[in-house]
Amino acid sequence: MKLLIFLTKSRAQFLGKPAIENFGFHSATYALIYIYAHTRRALDSDSRERIFVFLFQHTLTGHCAKVMAAKFLGEPSKVVTGSYDRTLKIWDLRSKACIETKFAGSSCNDLVTSDGAGSTIISGHFDQRIRFWDTRAESSSNDIILEGKVTSLDLSRDANYLLSCVRDDTVKLIDLRMKKIIGSFSADGFKVGFDWARAAFSPDGQYIAVGSADGSVFIWSIATNLIETILKGHTRISGTRRY
């Protein structure tokens, strides 16, 4: 499997049918997008109505199954990826090489990096575990075990809280300072429709949003643990997590 990296100054939106989805991972310099390798261009637009065309900057090859997640690891020259091949890989973009492989033992659906230094990685897996990795250690520690496959992770802006979408039709809120689940969100009619469904914090951290199998988007208030609204309109499974 290949991870395609574009050089850009804003989040790239791929126009067309992607291999899995447009992940939209970004920093000030690069954007990470995983798409089919038969095309070499992506398009982006911004609030000033400009359209950008981007060419591949790097192609990283090493995973032997689908790459489901990618994040910059503390600096623009390092990337961490998670795959269905049950590994996490850390890449050096200067050498275009994998510099470390972490063996998780279970397919990875999503990951986040929880500190600016890029020393901590949190990954969500098919075996119902959230794993915490110190980049200096070979194995994970303080795993959190849930009641279903972990389909997505999202980090709050202050990096104190983690949101996890789970195949048992719940969304879990985790306090990373205690590594403890402090909230669980569910509702009649809410169903996680597939293994890569995404949940997201609102920009102010007060709400969470996640798509349901019936095409609805459920929005909960974190403070009250109650549904704020249900947005309807999609006719198929809704899985996007951009708030």
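Take the sequence shown: its position 29, counting from 1, is numbered 28 in numbering that gives the first Met the number 0, and each next residue is one higher. Quick reminder that beta carbons are idealized off the backbone N, C-alpha and C, glycines included.
- Residue nearest to N159 within the set K148, G147 and I121 is I121 (criterion: CA-CA distance).
- Under the three-state reduction of DSSP, F189 is assigned to coil, being neither helix nor strand.
- Of the residues assessed, N224 falls on the exposed side of the cut-off, its CB having fewer than 16 other CB atoms within 10 angstroms.
- The C-beta separation of S76 from L92 comes to about 5 angstroms, placing the pair in contact by the 8 angstroms criterion.
- Between Q127 and K95, the C-beta spacing is not below 9 angstroms.
- Secondary structure of C63 (DSSP, three-state): coil.
- Inclusion of L145 and L152 in the CB contact set at 9 angstroms is not warranted, their separation being larger than that value.
- One thing to note: A186 has its Cβ within 9 angstroms of the Cβ of I226.
- The Cβ atoms of Y206 and S183 lie no closer than 9 angstroms to each other.
- Judged by DSSP in its simplified three-state form, S122 adopts strand.
- With a 10 Å radius around the Cβ and a threshold of 16 neighbouring Cβ atoms, F193 comes out exposed.
- Taken in chain order, the unbroken stretches of beta strand (DSSP E) that lie wholly in the stretch 86 to 143 and span 3 residues or more are 86 to 91, 96 to 102, 107 to 112, 119 to 124 and 128 to 133.
- When the five nearest sequence neighbours on each side are left out, the beta carbons in the same chain lying within less than 6 angstroms of the beta carbon of T169 are those of S183 and S185, in order along the chain.
- V209 is a Cβ neighbour of C164, given a cutoff of 9 angstroms.
- Secondary structure of L154 (DSSP, three-state): strand.
- Between G81 and G115, the gap from beta carbon to beta carbon reaches 9 angstroms or more.
- Of the other Cβ atoms in all chains shown, fewer than 16 fall within 10 Å of the Cβ of S140; this residue is therefore exposed.
- When rounded, the separation of the alpha-carbon atoms in H62 and F200 is 29 angstroms.
- Burial check for R135: the Cβ neighbour count within 10 Å stays below 16, so the residue is exposed.
- If you look at I229, you'll find it in the beta strand (DSSP E) that goes I226 to L230.
- If you draw a 10 Å sphere on the C-beta of G123, you find 16 or more other C-beta atoms in it, and that means buried.
- Note that the C-beta distance between S113 and L154 is below 9 angstroms.
- In the DSSP assignment, D174 falls within the beta strand (DSSP E) that extends over T169 to D174.
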